[in-house]
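Engineer:
2 protein chains.
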Amino acid sequence: MARPQQQKPDTPQRILDVAEQLVQVRGFNAFSYADVAAQLGITKASLHYHFPGKAELGQALIARYAQRFGQALAQIDSETEDAWAKLAAYAGLYAGALSSQRMCLCGMLAAEYETLPKPIRDAVVTFFDDNETWLERVLDQGRTDDALRFEASARETARMIISGLEGAMLVSRPYGDIARFRATAETLLASLAATDGRLPARNRVKRRS
Amino acid sequence: MARPQQQKPDTPQRILDVAEQLVQVRGFNAFSYADVAAQLGITKASLHYHFPGKAELGQALIARYAQRFGQALAQIDSETEDAWAKLAAYAGLYAGALSSQRMCLCGMLAAEYETLPKPIRDAVVTFFDDNETWLERVLDQGRTDDALRFEASARETARMIISGLEGAMLVSRPYGDIARFRATAETLLASLAATDGRLPARNRVKRRS
DNA sequence: GTCTATAGGCAGATAGAC
DNA sequence: GTCTATCTGCCTATAGAC
Chain A
210 MARPQQQKPD TPQRILDVAE QLVQVRGFNA FSYADVAAQL GITKASLHYH FPGKAELGQA
270 LIARYAQRFG QALAQIDSET EDAWAKLAAY AGLYAGALSS QRMCLCGMLA AEYETLPKPI
330 RDAVVTFFDD NETWLERVLD QGRTDDALRF EASARETARM IISGLEGAML VSRPYGDIAR
390 FRATAETLLA SLAATDGRLP ARNRVKRRS
Chain B
210 MARPQQQKPD TPQRILDVAE QLVQVRGFNA FSYADVAAQL GITKASLHYH FPGKAELGQA
270 LIARYAQRFG QALAQIDSET EDAWAKLAAY AGLYAGALSS QRMCLCGMLA AEYETLPKPI
330 RDAVVTFFDD NETWLERVLD QGRTDDALRF EASARETARM IISGLEGAML VSRPYGDIAR
390 FRATAETLLA SLAATDGRLP ARNRVKRRS
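For the protein sequence lines, the chains are A and B, in the order given. When you read off a place in the first sequence, starting at 1, and then add 209, the result is the number in the numbering used here. When you read off a place in the second sequence, starting at 1, and then add 209, the result is the number in the numbering used here.
1) Determine the chain A residues that contact Val334(B) at a beta-carbon separation under 9 Å, and present them in chain order.
2) Just to confirm the assignment, what range does the alpha helix (DSSP H) spanning Glu229(A) have?
3) Within the 8 Å Cβ cut-off, does Ile224(B) reach chain A?
4) Might you give, ordered along the chain, the residues of its own chain that have their beta carbon closer than 8 Å to the beta carbon of Phe260(B), omitting 5 neighbours on each side?
5) Looking at Val245(B) and Val232(B), is the spacing between their C-beta atoms short of 8 Å?
6) Assign Tyr384(B) to one of two classes, buried (16 or more other C-beta atoms within 10 Å of its C-beta) or exposed (fewer than that).
7) So that I know if they touch, is there some Cβ in chain A lying closer than 8 Å to that of Leu307(B)?
8) Is there a Cβ of chain A sitting closer than 8 Å to that of Leu374(B), yes or no?
9) Of all the options Leu302(A), Arg382(A), Phe359(A), Ala294(A), which has the alpha carbon lying nearest to the alpha carbon of Gln280(A)?
10) Is Thr366(A) buried or exposed, if buried means 16 or more other CB atoms sit within 10 Å of its CB?
11) Between the C-alpha atoms of Phe359(B) and Ser255(A), what's the straight-line distance to the nearest angstrom?
12) Count the other CB atoms, across all protein chains shown, that sit within 10 Å of the CB of Ser381(B); report buried if there are 16 or more and exposed otherwise.
13) Looking at C-alpha atoms only, which residue of Asp331(A), Ala298(A), Gln350(A) is the closest neighbour of Arg391(A)?
14) Residues of chain A with CB closer than 7 Å to the CB of Arg368(B), please, in chain order.
15) When DSSP labels each residue in this structure, what does Leu256(B) get in the three-state scheme?
16) The segment 286-319 of chain A: which residues have C-beta closer than 8 Å to a C-beta of chain B, in chain order?
17) Give me the Cα-Cα distance between Ala243(B) and Gly250(B), rounded to the nearest whole angstrom.
18) Within 8 Å (strictly less), CB to CB, does Ser400(A) reach chain B?
19) So what does Ala402(B) bridge to, in DSSP terms?
20) Determine whether the Cβ of Thr404(B) lies closer than 8 Å to any Cβ atom of chain A.
21) Take Met369(A) as the anchor and find which of Glu345(B), Thr342(B), Ser400(B) has the nearest alpha-carbon.
22) Check whether chain B comes within 8 Å of Glu365(A), counting only Cβ atoms and requiring the distance to be less than that.
23) Identify, in the order they occur along the chain, each residue of the same chain with its Cβ nearer than 6 Å to the Cβ of Ala275(B), setting aside the five sequence neighbours on each side.
24) Of the residues that make up the segment 220-246 of chain A, which ones have a beta carbon closer than 8 Å to any beta carbon in chain B?
25) Below 8 Å between beta carbons: does that hold for Phe237(B) and Leu318(B)?
26) Measuring only the C-alpha atoms, how far is Thr404(B) from Val334(B)?
27) At 7 Å on the CB atoms, spell out the chain B contacts of Val380(A), in chain order.
28) Does Thr342(A) pass the burial test, meaning 16 or more other C-beta atoms within 10 Å, or should it be called exposed?
29) Run through chain A and tell me which residues come within less than 8 Å of Arg277(B), C-beta to C-beta.
30) At least one CB of chain B closer than 8 Å to the CB of Tyr274(A): is that the case?
31) Just the Cα atoms here: how many angstroms apart are Glu229(B) and Gln284(A)?
32) Between Lys263(A), Trp293(A), Ser308(A), Pro326(A), which has its C-alpha nearest Ile387(A)'s C-alpha?
33) Whose C-alpha, out of Gln310(B), Asp338(B), Val347(B), Ala304(B), is nearest the C-alpha of Asp286(B)?
34) How is Met422(A) classed by DSSP in three states: helix, strand or coil?
35) Using only CA atoms, which one of Gly305(B), His257(B), Arg352(B) lies nearest to Glu432(B)?
36) With 16 as the cutoff for other CB atoms within 10 Å, does Tyr258(A) come out buried or exposed?
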């Protein structure tokens, strides 16, 4: 009888997996088709069959990343109504990447922004816009529920959170210390607490699988 | 009589000026000796005379940058005793770089951290450490003076500020909108205000020359 | 779909004349 | 100090066999 083959994603997905990791760790300008090919045990020429050029690979990379990120946000929405828990889970998405020495893909691309092809640039901006929109809604809800307190607009506060978390990844990574990121994220989010004092333990920034 | 020559920095300094701008805008991995040589109207070989390799050039770059940054912090200390004004001036240092589409040099290098030679990595970490130390002192003083209010430790709060400003540069730059950075920086710093409400106008984040 | 082979360019770097 | 000339290696990318 037919035994199920060992689960093995199709080649384009495996290429994206490897390339994604390389970009998040080393940057778009510091990885090559040769790197990806070596890790997969195939040739550079095969990569060009699936993704004609580095620009197209980059576009596919960010498109998939943004889609997954959107799904993660939707899952957070489905898991809790608590604005606090949503913010902690949001920060946990960043912590998860950092736990493998990865930057946020779009944070990395933002650093390299001036060197990127136009389609990738546009996708980076769209990613930040979407994050902002989601956070803005969470913040508005949290304020309505008296779970959060902040004086700036929800939009400005959303931008502060994105900047704070992206920056915390950027700065923490050289220290090779996830705890440092978590502490900074917690300090940042704690400034939005409706009650003074630290977050309850259940709302601490955790890594998400 | 001897007329003063047109002021023209010596070659190593001019090389560093050009390379610094290129790294801040494009990144360490996305600029070449050819780029610098072209901008200066000299050859690549001449660059190698002054800086044997890219690694040495990078070290010289960050050493000079860190020294200048330290001088800027000392100047801030000499200009005002007000912790609020110091924080605003500190944020202004970042805004100044961003006004020419530049990232903080060390923020850019932090993104590329995993690809950098060891000496440059160490210098990046030292840069952040020094910033943290300076901010920590300002924050302690501001709390003592009742000019600032924050619940986390001065050290954690310093890290939050560095992360927030580095991240705000990173995220704002793709939008090509300095006002966006200033607004985020102001939101971040406003959360440290001893009195609720917005900063007085004189303490808004300004660009520093 | 994956391979071998190779093109064409640019990277960092060096030797040696001036 | 700056140049010309050159080296070696890696890069992205393509042609064409299997």
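In this text, a Cβ means the ideal position worked out from N, Cα and C, and glycines have one as well.
Structural biologist: Per the coordinate set shown:
1) Reading the second sequence from its first residue, position 125 is the one you call residue 334(B). Result: Pro383, Tyr384.
2) As a working note, residue 229(A) is residue 20 in the first sequence. Residues 220-235.
3) As a working note, residue 224(B) is residue 15 in the second sequence. Output row for Ile224(B): interface = no.
4) The residue given as residue 260(B) occupies position 51 in the second sequence. Hits under 8 Å: Pro221, Ile224, Leu266, Ala269.
5) Here residue 232(B) refers to the residue found at position 23 of the second sequence. Here residue 245(B) refers to the residue found at position 36 of the second sequence. Result no, Cβ atoms of Val232(B) and Val245(B) do not sit closer than 8 Å.
6) Counting from one through the second sequence, the residue named residue 384(B) turns up at place 175. Per the 10 Å Cβ criterion, exposed.
7) By one-based count along the second sequence, residue 307(B) stands at place 98. No, its Cβ sits nowhere closer than 8 Å to a Cβ of chain A.
8) Start at 1 with the first residue of the second sequence, and residue 374(B) comes out as number 165. For Leu374(B), the answer is yes, since a Cβ of chain A falls inside 8 Å of its Cβ.
9) The sequence position of residue 280(A) within the first sequence is 71, counting from 1. Among Leu302(A), Arg382(A), Phe359(A), Ala294(A), the Cα nearest to that of Gln280(A) belongs to Leu302(A).
10) Position 157 of the first sequence, counted from the first residue, corresponds to residue 366(A). With 16 or more other Cβ atoms within 10 Å, it is buried.
11) Within the second sequence, residue 359(B) is the residue found at index 150, counting from 1. Within the first sequence, residue 255(A) is the residue found at index 46, counting from 1. The straight-line gap from Cα to Cα measures roughly 56 Å.
12) Within the second sequence, numbered from 1, the residue matching residue 381(B) stands at position 172. Burial call: buried.
13) Within the first sequence, numbered from 1, the residue matching residue 391(A) stands at position 182. Closest by alpha carbon: Ala298(A).
14) Indexing the second sequence from 1 puts residue 368(B) at position 159. Per Cβ cutoff of 7 Å: Thr393.
15) Start at 1 with the first residue of the second sequence, and residue 256(B) comes out as number 47. Correct three-state label for Leu256(B): helix.
16) Gln310, Met312, Gly316, Met317, Ala319
17) Along the second sequence, one-based indexing puts residue 243(B) at 34. Along the second sequence, one-based indexing puts residue 250(B) at 41. If I take the Cα positions, the gap works out to 10 Å.
18) Within the first sequence, numbered from 1, the residue matching residue 400(A) stands at position 191. Interface flag for Ser400(A) against chain B is set, since a Cβ pair is found closer than 8 Å.
19) The count along the second sequence starts at 1 and reaches residue 402(B) at position 193. DSSP, once it has assigned bridges, lists Leu357(B) as partnering Ala402(B).
20) Within the second sequence, numbered from 1, the residue matching residue 404(B) stands at position 195. Answer no: the Cβ-Cβ gap between Thr404(B) and chain A never drops below 8 Å.
21) The sequence position of residue 369(A) within the first sequence is 160, counting from 1. Among Glu345(B), Thr342(B), Ser400(B), the Cα nearest to that of Met369(A) belongs to Ser400(B).
22) Residue 365(A) sits at position 156 when you count from the first residue of the first sequence. It does: the Cβ of Glu365(A) has a partner Cβ on chain B nearer than 8 Å.
23) The count along the second sequence starts at 1 and reaches residue 275(B) at position 66. Correct list, in chain order: Phe336.
24) Listed in sequence order: Val234, Arg235, Gly236, Asn238, Ala239.
25) Taking the first residue of the second sequence as 1, we reach residue 237(B) at position 28. Taking the first residue of the second sequence as 1, we reach residue 318(B) at position 109. Cβ atoms of Phe237(B) and Leu318(B): closer than 8 Å.
26) Taking the second sequence and counting its residues from 1, the one referred to as residue 404(B) is at position 195. Taking the second sequence and counting its residues from 1, the one referred to as residue 334(B) is at position 125. When rounded, the distance between both Cα atoms is 34 Å.
27) For the purposes of this step, residue 380(A) is identified with residue 171 of the first sequence, where counting begins at 1. Correct list: Ala319, Phe337, Ile371, Ser372, Glu375.
28) Locating residue 342(A) in the first sequence gives position 133, counting from the first residue. Exposed, because fewer than 16 other Cβ atoms sit within 10 Å of the Cβ of Thr342(A).
29) Along the second sequence, one-based indexing puts residue 277(B) at 68. None at all; the shortest Cβ gap to chain A is about 20 Å.
30) Start at 1 with the first residue of the first sequence, and residue 274(A) comes out as number 65. No, Tyr274(A) lies away from the interface with chain B (no Cβ there is under 8 Å from its Cβ).
31) The residue you call residue 229(B) lines up with position 20 of the second sequence. The residue you call residue 284(A) lines up with position 75 of the first sequence. If you draw a straight line from the Cα of Glu229(B) to the Cα of Gln284(A), it comes to about 43 Å.
32) The count along the first sequence starts at 1 and reaches residue 387(A) at position 178. The residue with the shortest Cα to Cα distance from Ile387(A) is Ser308(A).
33) Mapped onto the second sequence, residue 286(B) falls at position 77. Among Gln310(B), Asp338(B), Val347(B), Ala304(B), the Cα nearest to that of Asp286(B) is on Val347(B).
34) Here chain A comprises residues numbered 210 to 418, so residue 422(A) is not present and cannot be evaluated.
35) Because chain B here runs from 210 to 418, residue 432(B) falls outside it and cannot be looked at.
36) Residue 258(A) sits at position 49 when you count from the first residue of the first sequence. Per the 10 Å Cβ criterion, exposed.
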